[in-house]
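Reviewing the structure listed below.
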Amino acid sequence: MKKVLKIVLVLALLMGVTAGFTSCNRNNEESEPAGNTGLNIYLISHSPPPDSTLDDGSFNQGAADGIRRFVAANPGTDFRFMQPHAGTDEARMDIFADAIAAGADVLVLPGFHFQHVINEAQVLFPDTKFIVLDTGPSGDRVASNLVGLLYAEQESGFLAGYAAVREGFTQLGFMGGLPVPAVVRFGHGFLLGAEHAAQDMGLAPGSISVNYMYMGGFGADPAHTATANGWYAGGTEVIFVAAGAVGFSVMEAAAAGAGRWVIGVDVDQGGASPTVLTSAMKALDNSVYDMLEDITNNRFRGGNVLRLTAADNGVALPMNNSRFTTFTQSQYYAIFAQLASGAVTVSGLSSQDDTPGIIAGLRIVNVNEM
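Counting in the working numbering, the sequence shown runs from 102 upward without gaps.
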């Protein structure tokens, strides 16, 4: 269910074909490059386009960046991108089989959509290694050929909310794709980061307002642009979009007027639009690279679901590519260090129903069902 909450505080790389990289799907497979003697890595999308693309400015793109970097450092390694014919577990299992039949050694699977299908896949394909991002198996078993990577979205969102308020913004927005656990944690952290900054700055109660909405999906849509335009026209200064390609729709709205900003998600989206203030990043590229390097060094951490936090450098803001004019590098380092050390803790929720209950010190002014 999509909800809009008006809250007052008391207190993307374009799809590229690089050397060793081939894009294909079940209906358009291409032959393996001749002379390849290295690791065969297949990045599998959870759905066909337009629901999922390589240049999604989010998980696929972040994972691809890590694989590309690994390929560059390991000549002879092959990287391919494949998509199922439908967004179903059956179609995903089919594409796994196709990739493995084509010679895949490693399948990199970005996103929570793979949670259920990997229960069976890890058993059916014991000789194939699985790197699953943002989820682990839904069952109790994590096989030795699978590693799940989770990220502390609440910490990444916290950094974004903190930075936005320290930058001087007082009218914020949050747009989430669906109220799935990762997105809920992003939004929850964003609120708490804004609240923490307001407290640090000694702002009066009621100084900060936040529009909060789940968009019903992760695809770009003119309706999302219209919604963002309405928010900006109503005074919202910056919108944090944890909703994949919805971010491109919001960037379009932000570009239509002065003083409109966007906070990107998952990867550094600063290059996607001059309206991107910063991005609430997960270390997708680094963590994928590290897992691939572990495979080549015979130290694969299979059988585990790992959660990467600030202490692991698993989350960040791209300060070298942000467009802050007030929030400083030293302020960022200070708040990041507090997260990494545990001096500041941000709880991680997984249900949108919990969100109103955790906004201690906030007054909810308006709740509308879409």
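The beta-carbon is built from N, C-alpha and C at its ideal position, and this holds for glycine as well.
{"Check": "Applying the 10 Å Cβ sphere with the 16-neighbour rule, what's the burial state of residue 430?", "Outcome": "exposed"}
{"Check": "Rounded to the nearest angstrom, what separates residue 170 and residue 177 at their Cα positions?", "Outcome": "13 Å"}
{"Check": "Can you pull the DSSP bridge partners for residue 141?", "Outcome": "179"}
{"Check": "Compute the beta-carbon to beta-carbon distance between residue 267 and residue 432, rounded to the nearest angstrom, for a pair I have assumed lies under 8 Å.", "Outcome": "6 Å"}
{"Check": "Under the assumption that residue 278 contacts residue 200 (Cβ atoms under 8 Å), give the Cβ distance between them as a whole number of angstroms.", "Outcome": "About 26 Å; that fails the 8 Å criterion."}
{"Check": "What does residue 362 pair with, by DSSP beta-bridge criteria?", "Outcome": "339"}
{"Check": "For a minimum of 4 consecutive residues, which ranges assigned as the alpha helix (DSSP H) are wholly contained in the region 191 to 225?", "Outcome": "218 to 225"}
{"Check": "I need the straight-line Cα distance from residue 260 to residue 325, nearest angstrom please.", "Outcome": "25 Å"}
{"Check": "Closer than 8 Å by C-beta to residue 149: which residues in its own chain qualify, once you throw out the five before and the five after it? Chain order, please.", "Outcome": "126, 184, 185, 186, 187, 188"}
{"Check": "For the alpha helix (DSSP H) containing residue 352, list its first residue and its last residue.", "Outcome": "347 to 355"}
{"Check": "Classify residue 136 as buried or exposed, calling it buried when 16 or more other Cβ atoms lie within 10 Å of its own Cβ.", "Outcome": "Bear in mind that a pLDDT of 36 at residue 136, under 50, signals an unreliable position, so the model cannot answer this."}
{"Check": "Round the Cβ separation of residue 366 and residue 287 to the nearest angstrom and send it over; I've been treating them as touching at under 8 Å.", "Outcome": "7 Å"}
{"Check": "Which residues does DSSP list as the beta-bridge partners of residue 232?", "Outcome": "209, 248"}
{"Check": "Within a Cβ cutoff of 6 Å, which residues of the same chain sit near residue 159, ignoring the five residues on either side of it in sequence?", "Outcome": "345, 367"}
{"Check": "Which value, in whole angstroms, describes the spacing of the CA atoms of residue 285 and residue 153?", "Outcome": "20 Å"}
{"Check": "Would you call the CB atoms of residue 403 and residue 248 closer than 8 Å?", "Outcome": "yes"}
{"Check": "Assuming the contact rule is C-beta atoms closer than 8 Å, residue 213 and residue 281 should be a hit. Round their C-beta distance to whole Å, please.", "Outcome": "6 Å"}
{"Check": "Assign residue 154 to one of three DSSP states: helix, strand, or coil.", "Outcome": "coil"}
{"Check": "Looking at the strands, I want to know which residues DSSP matches up with residue 379.", "Outcome": "364"}
{"Check": "Identify which residue in 427, 236, 230 has its Cα closest to the Cα of residue 245.", "Outcome": "230"}
{"Check": "Compute the distance between the beta-carbons of residue 416 and residue 253, then report whether it is under 8 Å.", "Outcome": "yes"}
{"Check": "Taking the alpha-carbon positions, what's the residue 273 to residue 328 distance?", "Outcome": "14 Å"}
{"Check": "Assuming residue 293 is part of the alpha helix (DSSP H), what are its boundary residues?", "Outcome": "282 to 302"}
{"Check": "Taking C-beta to C-beta, are residue 419 and residue 369 nearer than 8 Å?", "Outcome": "yes"}
{"Check": "Sort 238, 400, 203, 392 by Cα distance to residue 164 and report the nearest one.", "Outcome": "392"}
{"Check": "Whole angstroms is fine: what's the gap from residue 414's alpha carbon to residue 308's?", "Outcome": "32 Å"}
{"Check": "Give every residue of the same chain whose Cβ lies closer than 8 Å to the Cβ of residue 397, excluding the five residues on either side of it in the sequence, and list them in chain order.", "Outcome": "140, 175"}
{"Check": "Excluding sequence positions up to five away, which residues of its chain have a Cβ less than 6 Å from the Cβ of residue 441?", "Outcome": "411, 412"}
{"Check": "Thinking C-beta only, is residue 357 closer than 8 Å to residue 363?", "Outcome": "no"}
{"Check": "Between which two residues does the beta strand (DSSP E) harbouring residue 408 extend?", "Outcome": "405 to 409"}
{"Check": "Residue 341 and residue 275 - do their beta-carbons sit closer together than 8 Å?", "Outcome": "yes"}
{"Check": "Between 195, 173, 306, 209, which has its C-alpha nearest residue 182's C-alpha?", "Outcome": "209"}
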